[in-house]
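K.L.:
Structure provided below as structure tokens; questions to follow.
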Amino acid sequence: RFAPSPTGYVHVGSLRTALYNYLFARHTGGVNILRIEDTDQTRYVEGAVENLLRTMEWVGITFDEGPVHGGDCGPYTQSERTDIYRKYADELVANGKAYPCFCSAERLDRVRKEMQAAGQPPMYDRHCRNLSADEVKAKIDAGEKYVIRLRVPLGETITFTDLIRDDVSFESKTIDDQVLLKSDGFPTYHLANVVDDKLMKITHVIRGEEWLSSTPKHVLLYRAFGWEADMPKFAHLPLLLNPDRSKLSKRQGDVAVEDFKTQGYLPQALVNFVALLGWNPSDTQEIYSIEELIASFDLEKVNKAGAVFGREKLDWMNAEYIRKMSVDELFPIVKPLADARGYSVSDEYLKKVITLMQERVRTVTDFVDFSSYFFKAPTEFDEKSKAKNWNADAVERLTELLPKFNELTDWTHTNIEQVVRTYAEAKGISAGKLIHPIRLSVSGVGMGPSLFELLETVGKDEVLKRIEYALSVLK
RNA sequence: GGCCCCUUCGACUAGUGGUUAGGUCACCACCCUUUCACGGUGGUUGCACGGGUUCGAAUCCCGUAGGGGUCACCA
């Protein structure tokens with residue numbers, strides 16, 4: 023299962039967790055479940071679930087059960103299951119595995135500070151752990167607010183097996199008496215997660231490494247409920263890291279999947295890239311279709327160490343995917359981008375642009391951002407190229423070349439090239455002496471696709487207009 | 001700070017006792033070439049450190065160092 027909290031955007035780390043759950047479920051013929059963990063009312067964000075669903079669809083991750091997919095273990099949204107958690111929390115209190123705690127936030131705060139000052143790890147001092155039944159009843163009758171805490175057994179070693187890290191052990195004395203049910207009646211992550219995993223028959227918990235140190239609490243909960251036999255297998259994925267090796271965060275760059283979409287990354291490329299961060303099928307292949315990822319996915323081959331989310335390889339991979347796509351596949355993606363920039367050209371024209379730019383872009387937005395000269399005449403000219411290629415000779419030659427272009431009735435790149443080369447030969451100069459100034463005057467920049475195809479695509483009239491304009495404004 | 005996890009080129013990684021430590025990205029050089037790309041060829045760079053075990057250690061063990069995560073009525 024993938025069990026995100028709907029707090030806004032989808033983090034690429036979440037994307038990878040979702041992806042690994044998906045790959046694992048598909049590889050093993052299992053069931054992929056989506057569960058919405060919205061037990062924190064204060065963090066509710068309007069539209070977050072819709073955004074999540076849209077994102078999952080964009081990257082191609084599908085679910086068999088979930089809030090909109092249905093299933094036998096619903097509802098799949100935790101805020102709709104509060105009665106269930108309450109019932110299980112009560113059960114734990116009834117058999118002594120948990121207890122009500124009436125401590126105020128202020129007292130908790132003070133206790134933590136005192137412990138820290140004393141050089142101790144900040145933990146709850148278990149003040150309410152041994153209240154008598156009468157005391158509890160009196161406080162509840164008096165209307166005092168309370169939470170339910172897990173009665174963590176003292177002096178035990180809790181060991182569990184992680185599919186990626188093998189056995190991991192914790193001393194129970196280092197584990198806090200975790201709050202299970204908040205005073206607003208909502209469960210904490212720990213309770214809701216364990217109860218739902220059990221009720222939804224979850225076999226494998228695949229989540230980020232930040233949960234590793236919470237896992238003994240979950241193991242304790244399974245024991246408290248007597249569900250040890252049904253405990254899922256755990257797999258804690260290595261974290262995705264910033265370039266400075268801290269946990270990948272918004273502060274150091276883009277982390278939202280939707281950011282990558284707007285920046286022109288293809289979902290296949292993003293999925294391919296993220297899949298290979300922390301896992302590798304161990305051969306020399308780099309480009310994998312989703313089917314290939316499913317076929318070779320193996321949890322036990324997931325790395326232990328965190329992986330830096332480096333953009334360079336993502337850029338390369340995205341470019342690789344763009345190059346492999348057909349123009350007709352690219353067109354529906356590029357078209358809206360061109361429209362959004364107000365470039366109104368025919369479909370045929372846009373397809374030509376795509377063809378010429380395909381090997382030169384890294385993202386799909388580059389198609390429109392690096393090729394503005396296909397859509398409008400340049401008004402500025404690259405200084406470097408100007409300094410290198412524009413001089414009195416160039417002006418004279420272009421002025422002479424202009425009528426020859428004008429005489430050309432069949433405006434194809436081969437004909438244009440012939441005109442240019444014939445003229446260069448007659449003048450006893452290299453074709454480059456013409457090509458570079460023409461490129462500059464027509465595109466305004468010193469780089470780009472094959473000049474002759476560029477000229478053909480832009481069209482004869484427009485080319486003549488641009489060269490005349492450049493001759494008039496460039497010195 | 002306590003606890004837990006981790007450590008192969010700048011980045012992602014292959015490697016499970018015997019390899020000239022391999023691949024990809026990035027970088028550099030050269031080739032191709034009208035530019036930029038693409039493509040091709042070649043190259044620089046790495047087993048954190050110190051002890052063991054062993055005929056032999058990137059691989060096994062123990063330390064040290066470094067990095068990270070976590071210690072909420074957030075997930």
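Sequence positions in the first sequence follow this note's numbering and run 23 to 497. Beta carbons are placed, not taken as given, at the ideal position from N, Cα and C, and that holds for glycine.
Give the DSSP-derived three-state secondary structure of R134 in the structure shown.
P.N.:
Helix at R134.
K.L.:
Kindly confirm or deny that the segment 286-294 and the segment 76-83 touch, where touching means at least three C-beta pairs closer than 8 Å.
P.N.:
The segment 286-294 vs the segment 76-83: in contact.
K.L.:
Given a cut-off of 9 Å on the beta-carbon distance, is the pair P265 and A327 in contact?
P.N.:
Their beta carbons are not under 9 Å apart, which means P265 does not touch A327 by this criterion.
K.L.:
In whole angstroms, what separates the C-alpha of S366 from that of L202?
P.N.:
Approximately 59 Å between the Cα atoms of the pair.
K.L.:
Assign E59 to one of three DSSP states: helix, strand, or coil.
P.N.:
Note: E59 maps to coil in three-state DSSP.
K.L.:
What is the DSSP secondary structure of W338, reduced to helix, strand or coil?
P.N.:
In the structure shown, W338 sits in a helix (DSSP, three-state: H, G or I).
K.L.:
Any chance you could list the alpha helix (DSSP H) runs of at least 4 consecutive residues sitting entirely within the segment 214-282, in chain order?
P.N.:
List check, alpha helix (DSSP H) in window: 237-247.
K.L.:
What does the alpha-carbon distance come out to for the pair E322 and T183?
P.N.:
E322 and T183: Cα-Cα distance of roughly 12 Å.
K.L.:
What residue from V279, K135, L476, V485 has the CA that sits closest to Y31's CA?
P.N.:
Among V279, K135, L476, V485, the Cα nearest to that of Y31 is on V279.
K.L.:
Let me check understanding here. Comparing Cα to Cα, which of G286, A116, P400 lies closest to V356?
P.N.:
Closest by alpha carbon: G286.
K.L.:
Measure the beta-carbon distance from D199 to R173 and round it to whole angstroms, keeping in mind my assumption that it falls under 8 Å.
P.N.:
Contact holds; Cβ gap of about 7 Å.
K.L.:
Using beta-carbon positions only, say whether S463 and A492 come within less than 9 Å of one another.
P.N.:
Yes; because the gap between Cβ atoms is below 9 Å, this pair is in contact.
K.L.:
Can you give me the Cβ contacts of V485 inside the same chain, cut-off strictly under 8 Å, excluding the 5 residues immediately before and after it?
P.N.:
These residues qualify, in order along the chain: F427, V464, L477.
K.L.:
Measuring CB atoms only, is the segment 323-342 touching the segment 359-377, in the sense that at least three cross pairs come out at less than 8 Å?
P.N.:
The segment 323-342, when compared against the segment 359-377, does not touch it at the 8 Å Cβ threshold.
K.L.:
Using the C-alpha atoms, what's the distance from A251 back to A5?
P.N.:
With the chain running from 23 to 497 in the structure shown, residue 5 is simply not present.
K.L.:
Given that a residue counts as buried once 16 or more other Cβ atoms are within 10 Å of its Cβ, and exposed if not, what is E447?
P.N.:
By the neighbour-count rule (16 or more Cβ atoms within 10 Å), E447 is not buried but exposed.
K.L.:
Does the segment 466-475 come close enough to the segment 391-410 that 3 or more CB-CB pairs lie under 8 Å?
P.N.:
Contact between the segment 391-410 and the segment 466-475 is present, because at least three Cβ pairs lie under 8 Å.
K.L.:
Report yes or no: do three or more beta-carbon pairs, one from the segment 244-258 and one from the segment 311-318, lie closer than 8 Å?
P.N.:
No: fewer than three Cβ pairs fall under 8 Å.
K.L.:
Quick check on the DSSP output: the beta strand (DSSP E) that includes A116 runs from which residue to which?
P.N.:
First-last for A116: 104-116, but that is the alpha helix (DSSP H), not the beta strand (DSSP E).
K.L.:
Per DSSP, what are the beta-bridge partners of Y121 in this structure?
P.N.:
Y121 is bridged to R171.
K.L.:
Would you call the segment 49-62 in contact with the segment 86-101, where contact means no fewer than 3 C-beta pairs closer than 8 Å?
P.N.:
With the cut-off at 8 Å, the segment 49-62 and the segment 86-101 touch.
K.L.:
With H, G and I counted as helix, E and B as strand and the rest as coil, what does DSSP make of A25?
P.N.:
Reduced to three states, the DSSP call for A25 is coil.
K.L.:
For T434, which residues in the same chain have their Cβ closer than 8 Å to its Cβ, ignoring the five residues on either side in sequence?
P.N.:
Cβ within range, chain order: E478.
K.L.:
So, is P354 buried or exposed, given that buried needs 16 or more other C-beta atoms within 10 angstroms?
P.N.:
The residue is exposed, with fewer than 16 neighbouring Cβ atoms inside 10 Å.
K.L.:
Take V216 as the anchor and find which of H33, R23, L424, F46 has the nearest alpha-carbon.
P.N.:
V216 has its Cα closest to that of R23, out of H33, R23, L424, F46.
K.L.:
In the DSSP output, what is S191 paired with across the bridge?
P.N.:
According to DSSP, which records beta bridges pairwise, S191 is partnered with T181.
K.L.:
Starting from the C-beta of Q274, find all residues in its chain whose C-beta is less than 6 Å away, skip the five residues before and the five after it, and write them out in chain order.
P.N.:
Closer than 6 Å at Cβ, skipping near neighbours: N264.
K.L.:
When the Cα atoms are used, what is the spatial distance from L352 to T284?
P.N.:
Between L352 and T284, the C-alpha separation is close to 15 Å.
K.L.:
Could you compute how far the alpha carbon of L299 sits from the alpha carbon of T50?
P.N.:
Taking the straight line joining both Cα atoms gives about 21 Å.
K.L.:
What is the rounded straight-line gap between the Cα of G118 and the Cα of V169?
P.N.:
Going from the Cα of G118 to the Cα of V169 covers about 15 Å.
K.L.:
Tell me the residue span of the alpha helix (DSSP H) that contains V480.
P.N.:
Residues 473-480.
K.L.:
Thinking C-alpha only, which one of P28, T181, D276 is nearest V241?
P.N.:
Of the candidates P28, T181, D276, the one whose C-alpha sits nearest the C-alpha of V241 is T181.
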